[in-house]
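I have placed the structure first, in the form of structure tokens, so that the comments after it can refer back to it.
There are 2 protein chains.
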Amino acid sequence: MLNFDEARFLRIQSGAVALAAPIHAAIGAALAQGGANIFFLGTGGAAILMQPAALMLQRRSGFPAFIEIAAELVAAGHQALGPQSIVVIPSVSGTTSESVATLEYCKARGATVIALVGNVDTPLGRKADHAFVNFAEDDTSSESFYVQSLLIALSVMAHRGEFAGYDKTVAELATLPGHLVAAKQAFEPEAERLAEAFRNEPYHIITAAGGSWAEAWYYGMCILEEMQWIRTRPVHAADFFHGTLELVEKGVSVVVFKGEDAYRPLTERVETFARQYTDKVTVLDTAGFGMPGISAETRALISPVILATLLERLSAHLEVKRNHPLTTRRYYKKVSY
Amino acid sequence: MLNFDEARFLRIQSGAVALAAPIHAAIGAALAQGGANIFFLGTGGAAILMQPAALMLQRRSGFPAFIEIAAELVAAGHQALGPQSIVVIPSVSGTTSESVATLEYCKARGATVIALVGNVDTPLGRKADHAFVNFAEDDTSSESFYVQSLLIALSVMAHRGEFAGYDKTVAELATLPGHLVAAKQAFEPEAERLAEAFRNEPYHIITAAGGSWAEAWYYGMCILEEMQWIRTRPVHAADFFHGTLELVEKGVSVVVFKGEDAYRPLTERVETFARQYTDKVTVLDTAGFGMPGISAETRALISPVILATLLERLSAHLEVKRNHPLTTRRYYKKVSY
Numbered sequence: 005m006l007n008f009d010e011a012r013f014l015r016i017q018s019g020a021v022a023l024a025a026p027i028h029a030a031i032g033a034a035l036a037q038g039g040a041n042i043f044f045l046g047t048g049g050a051a052i053l054m055q056p057a058a059l060m061l062q063r064r065s066g067f068p069a070f071i072e073i074a075a076e077l078v079a080a081g082h083q084a085l086g087p088q089s090i091v092v093i094p095s096v097s098g099t100t101s102e103s104v105a106t107l108e109y110c111k112a113r114g115a116t117v118i119a120l121v122g123n124v125d126t127p128l129g130r131k132a133d134h135a136f137v138n139f140a141e142d143d144t145s146s147e148s149f150y151v152q153s154l155l156i157a158l159s160v161m162a163h164r165g166e167f168a169g170y171d172k173t174v175a176e177l178a179t180l181p182g183h184l185v186a187a188k189q190a191f192e193p194e195a196e197r198l199a200e201a202f203r204n205e206p207y208h209i210i211t212a213a214g215g216s217w218a219e220a221w222y223y224g225m226c227i228l229e230e231m232q233w234i235r236t237r238p239v240h241a242a243d244f245f246h247g248t249l250e251l252v253e254k255g256v257s258v259v260v261f262k263g264e265d266a267y268r269p270l271t272e273r274v275e276t277f278a279r280q281y282t283d284k285v286t287v288l289d290t291a292g293f294g295m296p297g298i299s300a301e302t303r304a305l306i307s308p309v310i311l312a313t314l315l316e317r318l319s320a321h322l323e324v325k326r327n328h329p330l331t332t333r334r335y336y337k338k339v340s341y
Numbered sequence: 005m006l007n008f009d010e011a012r013f014l015r016i017q018s019g020a021v022a023l024a025a026p027i028h029a030a031i032g033a034a035l036a037q038g039g040a041n042i043f044f045l046g047t048g049g050a051a052i053l054m055q056p057a058a059l060m061l062q063r064r065s066g067f068p069a070f071i072e073i074a075a076e077l078v079a080a081g082h083q084a085l086g087p088q089s090i091v092v093i094p095s096v097s098g099t100t101s102e103s104v105a106t107l108e109y110c111k112a113r114g115a116t117v118i119a120l121v122g123n124v125d126t127p128l129g130r131k132a133d134h135a136f137v138n139f140a141e142d143d144t145s146s147e148s149f150y151v152q153s154l155l156i157a158l159s160v161m162a163h164r165g166e167f168a169g170y171d172k173t174v175a176e177l178a179t180l181p182g183h184l185v186a187a188k189q190a191f192e193p194e195a196e197r198l199a200e201a202f203r204n205e206p207y208h209i210i211t212a213a214g215g216s217w218a219e220a221w222y223y224g225m226c227i228l229e230e231m232q233w234i235r236t237r238p239v240h241a242a243d244f245f246h247g248t249l250e251l252v253e254k255g256v257s258v259v260v261f262k263g264e265d266a267y268r269p270l271t272e273r274v275e276t277f278a279r280q281y282t283d284k285v286t287v288l289d290t291a292g293f294g295m296p297g298i299s300a301e302t303r304a305l306i307s308p309v310i311l312a313t314l315l316e317r318l319s320a321h322l323e324v325k326r327n328h329p330l331t332t333r334r335y336y337k338k339v340s341y
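Chains as they are written, first to last, in the working numbering: chain A, 5 to 341; chain B, 5 to 341.
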């Protein structure tokens, strides 16, 4: 595979799933100490990657779960934040200034802070009540935060007796890193073909639903916009029909991510529509990638992880074909803002 | 003012604020009958217009409030939805198929449904437990749903003893329609100037924060994309710095909506950044429009309403200058999907 370090990838992904036991212990301790709600407070892409876990918890668990824009929470507070709160803050660098400010704000209100970081010897790592470290050299391994936040959400439900399949699911997730490598290998030729097709494409409407919506939003904003300077319009598959559809005509790229959760039919509706009105429809469907031993229920939960791992291959080819390294920026870490 | 029917506008806006008392009574009755949580379940633009009220309730009230994508709720349910739920469904037409499906789904689970409609003799109006009717000939009067959902949220807080200023705020809101007309008049020359500047602009990054973020999202998706076929990238002011900023360069339009709530500094950060790197920065600031008798606290709550009322003027000029009526569609009500 092009520019792919398999050993490094497996190390990062295995590191994420290996956190299941310590995360489960920390959540158990926080609940035993009176934890009564949970906040997912990321910044930018790291916030988006926790959305599937937060949504699952909101929709399936009686445990109050909030996913807030961290900068807004710090600006004006939240009635449910206090000593009874468990706060999850992810930051690969462990130094993101907004995340450090969020941690300090929440600690000042007595919350228990769980940090997900790439290095413990950082402001976030040192100041958190629980710091879970998964060394990652860069911030494009988005699978890791999806998995870690999912482990947190499943742990909350398991401790509360709301999810009987916890042990089975964690055992399945332990096999995920190898499956992801196999999926990348299977997708590699299509990734190159897609990168060629996208090479000079100036604009993409990108859509998805359910847990996979996060990946449409993330890939548009944090990869295509930030790392390739390509205009995107991430739009939820349900919203698509209430405005954005009118932009579709011949020559307009519509990219549909299809996951395997209950919300898949919403994306199929967009696909059916788009195929009638533009010649540029790209569908990325997790269902095409077999993963023996992983149940349908778990596949529904990890659909955004599978999408992210496939899309990493697209990004690898895009940066080469477009002669635009993923690390090149106009502003980030170049000017202050 | 260009293509503006003042009497009709005042009738619609006065109709919205006149619903304060019946809404307050209905919410009181629902709470007395065991109402224990509230769901805001709109579709497309109508969903977005309830977001400021839902966010305020989530952040300031202990009453559990959910704002869900209706199509997703119907696809896979929600643990908190049941006989103890108050469900708010807005639809000007009262016939939106997704909204009717949502109503039936929620009624089947015993929830109390409040419909906000333009005509009571519609599927939504007839089947709801409480139907609040505010006759509106078209669906571009977005101010009305902002105000009605705000009245619902404030009523919940007032009944629970969480908002002492309810009577004062409602009295202030009663004067809003006239203030909105005055704001439109003051903005009219600027609206024409802006429409001229936007006339041939193919793409806008549109951003805001707090309650006003809904209007950035709504105006991009439901007006510029749907009604003018102009590409937009609605992005929250906090997210802007985590990807979309890299698209900014000379010639790229960045539109910043500034409201008057606690989240205003997030938008000022984008404005400061954008002014350094593009020559096309448009700032729409509610603070420039005086409304004697309306308190700072209420202005913070109604900032998206003020933005919507100013932007309606921009739309009125855009459709003329671009020779593209706001009612022209490629697909909506022309093909089935």
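For every residue, glycine included, the Cβ atom is placed at its ideal position computed from N, Cα and C. None of these values were measured; they are calculated from a predicted model.
Can you give me the start and stop residues for the beta strand (DSSP E) that residue i sits inside?
i, result
"T116(A)", "T116 to V121"
"F167(A)", "Note, F167(A): premise wrong, no beta strand (DSSP E); not H, not E."
"I52(A)", "Segment G49 to I52 is the alpha helix (DSSP H) holding I52(A); no beta strand (DSSP E) there."
"V258(B)", "S257 to K262"
"V285(A)", "V285 to D289"
"H208(B)", "Y207 to A212"
Tell me, please, whether the CB atom of residue i is closer than 9 angstroms to any CB atom in chain B?
i, result
"S73(A)", "What sits at residue 73(A) in the sequence shown is Ile, not Ser. So, interface residue."
"H246(A)", "yes"
"Y336(A)", "yes"
"F43(A)", "no"
"R235(A)", "yes"
"D265(A)", "yes"
"S299(A)", "no"
"E200(A)", "no"
"P269(A)", "yes"
"E76(A)", "yes"
"F191(A)", "no"
From which residue to which residue does the alpha helix (DSSP H) around residue i run?
i, result
"P193(A)", "L180 to F202"
"R303(A)", "A300 to K325"
"H28(A)", "A24 to A36"
"V21(A)", "E10 to V21"
"F149(B)", "E147 to H163"
Tell me, please, whether the CB atom of residue i is closer than 9 angstroms to any CB atom in chain A?
i, result
"C110(B)", "no"
"H163(B)", "no"
"K136(B)", "This sequence places Phe at residue 136(B); Lys is not what is there. By this cut-off, F136(B) is not an interface position."
"S65(B)", "yes"
"L249(B)", "yes"
"L107(B)", "no"
"Y281(B)", "yes"
"H240(B)", "yes"
"A312(B)", "no"
"F17(B)", "Per the sequence shown, residue 17(B) should be read as Gln rather than Phe. Output row for Q17(B): interface = no."
"M54(B)", "no"
"V252(B)", "yes"
"E272(B)", "no"
Between residue i and residue j, how many whole angstroms is the CB-CB distance? I'm expecting something under 8 angstroms.
i, j, result
"F149(B)", "M231(B)", "Not quite, the Cβ-Cβ distance comes to about 17 angstroms (not below 8 angstroms), so this is no contact."
"T286(B)", "A241(B)", "With 8 angstroms as the limit, T286(B) and A241(B) do not qualify as a contact, their Cβ atoms being about 14 angstroms apart."
"E72(B)", "Y267(A)", "Wrong, their Cβ atoms sit about 12 angstroms apart, outside the cutoff."
"F43(A)", "V91(A)", "5 angstroms"
"A320(A)", "N7(A)", "5 angstroms"
"A20(B)", "Q152(B)", "5 angstroms"
"L314(A)", "L288(A)", "6 angstroms"
"L322(B)", "F202(B)", "6 angstroms"
"H208(B)", "I31(B)", "With a Cβ gap of about 38 angstroms, H208(B) and I31(B) do not count as contacting."
"G292(A)", "P56(A)", "At roughly 20 angstroms, the Cβ-Cβ gap does not stay under 8 angstroms, so G292(A) and P56(A) are not in contact."
"V185(A)", "E10(A)", "6 angstroms"
"E3(B)", "F261(B)", "Nothing in the structure corresponds to residue 3(B), since chain B is present only between 5 and 341."
"L251(B)", "E205(A)", "Not quite, the Cβ-Cβ distance comes to about 14 angstroms (not below 8 angstroms), so this is no contact."
Problem - Contact the stretch 59–72 of chain B vs the stretch 151–163 of chain B: 3+ CB pairs below 8 angstroms - result: yes
Problem - Contained alpha helix (DSSP H) runs [length at least 4] in the stretch 66–142 of chain B, N- to C-terminal order - result: Listed in chain order, the alpha helix (DSSP H) elements of length 4 or more contained wholly in the stretch 66–142 of chain B are 74–80, 101–112 and 127–131.
Exercise for the section: Indicate whether the contact test is met: 3 or more Cβ pairs, each with one atom in the stretch 171–178 of chain B and one in the stretch 292–307 of chain B, closer than 8 angstroms. Expected result: yes
Problem - Touch test, the stretch 119–137 of chain B against the stretch 83–100 of chain B, Cβ-Cβ under 8 angstroms, three pairs minimum - result: The stretch 119–137 of chain B is in contact with the stretch 83–100 of chain B.
Practice task
Quick one: which unbroken beta strand (DSSP E) runs of 3-plus residues sit fully inside the stretch 223–279 of chain B? Chain order, please.
Solution key: Listed in chain order, the complete beta strand (DSSP E) runs (minimum 3 residues) inside the stretch 223–279 of chain B are 235–240 and 257–262.
Handout entry: Cβ contact check for the stretch 112–119 of chain B and the stretch 76–90 of chain B: 3 or more pairs under 8 angstroms
Key = yes
Exercise for the section: Examine the Cβ distances between the stretch 189–199 of chain A and the stretch 28–38 of chain A and report whether three or more of them are shorter than 8 angstroms. Expected result: no
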